[in-house]
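Residue numbers (our numbering): -2 to 459.
Every residue, glycine too, gets a C-beta built ideally from N, C-alpha and C.
None of these values were measured; they are calculated from a predicted model.
Here the structure comes first, spelled out in structure tokens, and everything after it is commentary.
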Amino acid sequence: MLDLYNIVAELCSDIVSSCSEKFFVEYSCVSPAEKSRIAKVVQAEIPALFQESDNGVGVRELSSENLTTEFLENLKSLVNRLKADRDYYALLGLLQILDQAMASLLNLAIAEFEQEKFSIVLNTNRESVGVGLLPRCSCIWERKHRLIHRYNNLESFLYNILLIENSVLGELIDKHYFLKDELFPHFKERKAVKIAATPLRLERNFKVQLTDKDKIQYFNIAYENPSFESDNELVWKKIWTAAENESDIVVFPELLGNVETTDYVANKIKSLSPDDAAKIPSLIVLPSYWEKNRNVVTVMDKFGNVICKQNKQNPFRKEFNGVGYLEQISSNLVVNILHYEGIGRIAIMVCRDFLETEYMQQLMRCFKLTLIIVPSFSTGSYDFRRSFDLCAHEDCNVVWVNTCAALIKGKEANFQDVGYVRKRISRNEDEAQMLYKMPICSGAFHGDCKHDCIYYETIQRV
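This is the structure we're talking about:
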């Protein structure tokens, strides 16, 4: 199968590098006669891609047994001939046929990826051709023709192949995690994902330290609590509350974690009885922890295993006494993408990362994201709400959770909500359902935090 993936990757690369946006716009309205011509050209050279049915001739779903030396040689020969003839309509038509024919092979690849700690692309020629291929998990709230209205490029015509262009990814490094089917035990029945989000608390467990280096003013985070026992007990309380409310994902804010949180939660989960362990949310997005110039969110599964650690990539700028200071973080450029059939592709963007519009749209286009989770420590919500519509336009839902610990006295007007879920709805639903608000409790404005706040929203099929 490796030879097939490399051939398809090279075919994608040739189309991307040779065809303009106008080409894709025009191809989207190609005539039935041209489609028939393309099918006949492909069938004449590679009959194994087709089969007879009651409805006539259709595309055959390939198995490994079909990938003979003859099949692969015929495929390479046809691609080379069409390239020489500059018949790009036929090249794109051939790619669409392959995309359909590879459905079963790509489902098998997903099953194999689920057994790996993390996955890389299917093709081995990514460096030379500039594109990577992965199986594309479907999403229950994503439109079938996503992107065709916006980008008018190759991925608009692919449904089973996820095409990753190096030119779009830039200097970022992508790591992929195909989550096991059993991780979301209720999803197949409910066709919905229940989100729990908590601002956690009003109190901060850290101080901000100001410094300068190479003429630049920086700020760092220094944690104060030597044991963190009470902090971690509160985190666990929220996880268990989310579990009792049958949540699939629980999300915490930025900066309120500590060096012991991950092990504490993992040990708690692994000490549960089987019945209680079964209730734990499928994904736990722990509060980020700032250490050694890295601001890191740990993503854990319901079994207490760490799936990945997402570093914040873009530093926050804050003024202290009228002077600008930059968050002194080092980016590792790694972007972790979680894949799950029916949910699509999930990314974690830590606070400022989501507000860097170019970065956010770069990831959305590159990975066709369907859910972005944004843990934050922010003095307000306005800028985040402005970015939600960019995501909604691409069928990508957003969970944003802030913390009352970021509240600044005198700026309460900026802090009416501590979180939102922005989701795609059907055209028949009330538009008010698009944005679920998490209102701050009245006690937060008076320094009274009972540590009770947790919010729930369900994202479902559209």
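Skipping 5 residues on each side, what residues in its chain have a beta carbon closer than 6 Å to that of Glu454? Ile192, Val418 and Tyr433
Residues near Glu288 by beta carbon distance below 7 Å, same chain, minus five either side: Val256
What residue range is occupied by the uninterrupted beta strand (DSSP E) comprising Cys305? Val303 to Asn308
With a cut-off of 8 Å, do at least 3 Cβ pairs link the region 72 to 79 to the region 97 to 105? no
What is the rounded straight-line gap between the Cα of Val54 and the Cα of Ala36? 10 Å
Compute the Euclidean distance between the alpha carbons of Ile161 and Glu58, then round it to the nearest angstrom. 23 Å
Beta-carbon contacts of Leu89 that lie in its chain and below 7 Å, excluding the five residues immediately before and after: Ile12, Tyr24 and Phe154
Cα-Cα separation, Ile451 to Trp397: 13 Å
Where the alpha helix (DSSP H) through Phe20 begins and ends: Glu18 to Tyr24
What ranges does the alpha helix (DSSP H) occupy inside the region 337 to 374, keeping only unbroken runs of at least 4 residues that lie completely in it? 349 to 352 and 354 to 364
So, for Pro436: in the same chain, excluding its five sequence neighbours on each side, which residues have a beta-carbon less than 7 Å away from its beta-carbon? Gln413 and Asp414
How big is the Cα-Cα spacing for Pro132 and His336? 9 Å
For Asn292 and Cys26, what's the separation of their Cα atoms in angstroms? 47 Å
Between Thr121 and Leu(-1), what straight-line distance do the alpha-carbon atoms span, to the nearest angstrom? 8 Å
Starting from Arg383, trace the beta strand (DSSP E) in both directions and tell me its first and last residue. First-last for Arg383: Tyr379 to Ala389, but that is the alpha helix (DSSP H), not the beta strand (DSSP E).
Which residues share a DSSP beta bridge with Trp138? Paired residues: none, contrary to the question.
CB contact flag (Ile345, Val371, <9 Å): yes
Report, in whole angstroms, the separation of the C-beta atoms of Tyr174 and Ile304, which I expect to be a contact under 8 Å. 6 Å
Which two residues bound the contiguous beta strand (DSSP E) that contains Glu58? It is not in any beta strand (DSSP E) - Glu58 carries neither H nor E in the DSSP assignment.
DSSP puts Phe216 in a beta bridge; with which residues? Leu207 and Glu324
Would you say Cys393 and Met431 are within 9 Å of each other, going by their C-beta atoms? no
Can you give me the C-alpha to C-alpha distance between Gly167 and Lys276, rounded to a whole angstrom? 40 Å
Assign Asn485 to one of three DSSP states: helix, strand, or coil. Look at the range of the chain in this structure, -2 to 459, and you will see that residue 485 is not part of it.
Roughly how many whole angstroms lie between the Cα atoms of Leu231 and Leu253? 11 Å
In terms of DSSP beta bridges, what is Ala193 paired with? Val247 and Tyr453
Could you tell me the alpha carbon to alpha carbon distance between Gly129 and Tyr85, rounded to whole angstroms? 20 Å
For Gln206, which residues from the same chain have a beta carbon less than 6 Å from its beta carbon, with the 5 sequence-adjacent residues on both sides left out? Asn217 and Ala219
Could you give the DSSP three-state label for Ser164: helix, strand or coil? helix
What are the start and end residues of the beta strand (DSSP E) that includes Pro436? Leu432 to Pro436
Taking Tyr174 as part of the alpha helix (DSSP H), name the residues at either end of that continuous run. No alpha helix (DSSP H) holds Tyr174; the beta strand (DSSP E) holding it covers Ile170 to Phe175.
Residues in its own chain within less than 6 Å of Lys306 by CB, not counting five upstream and five downstream? Val293 and Thr295
So, under 8 Å CB-CB, Ser116 and Leu180 are touching, yes? Tell me the CB distance rounded to an integer number of Å. With 8 Å as the limit, Ser116 and Leu180 do not qualify as a contact, their Cβ atoms being about 15 Å apart.
Top-ranked residue by Cα proximity to Gly416, from Val248, Val39, Thr238 and Ile43: Val248
Cβ neighbours of Arg349 in the same chain (closer than 6 Å, five flanking residues each side left out): Asn311 and Phe313
Check whether the Cβ atoms of Pro196 and Asn399 lie closer than 9 Å to each other. yes
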